[in-house]
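Chemist: Quick note on numbering: numbering that gives the first Met the number 0 labels position 9 of the sequence shown as 8, and the sequence is numbered without any gaps.
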Amino acid sequence: MEIIIKATDAVEYLEIISPRTGLNYIEDFIGNTGALVNGEFTWDEEREAYLADQKVFDWWQEMVTIFQALEYRLHDLREEHGEEAVWNVTQTIDDPELPYFAGALNAALDAKFGEEAGS
């Protein structure tokens, strides 16, 4: 996803890749939080890119880094322990806030499969 930083016109990119499919699902990842419609990002039709403040981009870049690592961990755990066992752990997390979800899920995965298992 191409992002232009409002203050500098710098062009940045965000992507999150599914290790299972190889597809980049960044727009769904960000869009599912409402950030593409709540003002964090605005679509610039002329430049065919999203615009964001540097602070917003930096925050999302950090989230993408955290969740990309989580995606790879989940993928490895699914291969090692099976889809259902991993899915069952993911269903125990009830904190929908993005910054806390990854930490809670990693802790639950550690408890079930051992610390840093699959990473």
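All C-beta atoms in this analysis are idealised placements derived from N, C-alpha and C, irrespective of residue type, glycine included.
No experiment lies behind these values; they were computed from the predicted model shown.
Output yes or no for whether 8 Å exceeds the beta carbon distance between residue 3 and residue 13.
Modeler: Not a contact, by the Cβ cut-off of 8 Å.
Chemist: With DSSP as the reference, label residue 7 as helix, strand or coil.
Modeler: The answer is coil: DSSP assigns residue 7 none of H, G, I, E or B.
Chemist: If you measure from the CB of residue 44, is any heavy atom of the ligand ADP nearer than 7 Å?
Modeler: The model depicted lacks the ligand ADP and carries no ligand whatsoever.
Chemist: Should residue 59 be labelled buried (16 or more other beta-carbon atoms within 10 Å of its own) or exposed?
Modeler: Its Cβ being crowded by 16 or more others within 10 Å, residue 59 is buried.
Chemist: Give the range of the beta strand (DSSP E) segment to which residue 13 is assigned.
Modeler: Residue 13 -> no beta strand (DSSP E), and no H or E assigned at all.
Chemist: Measuring alpha carbon to alpha carbon, tell me which of 75, 9 and 68 ends up nearest residue 102.
Modeler: For residue 102, the nearest C-alpha among the options comes from 68.
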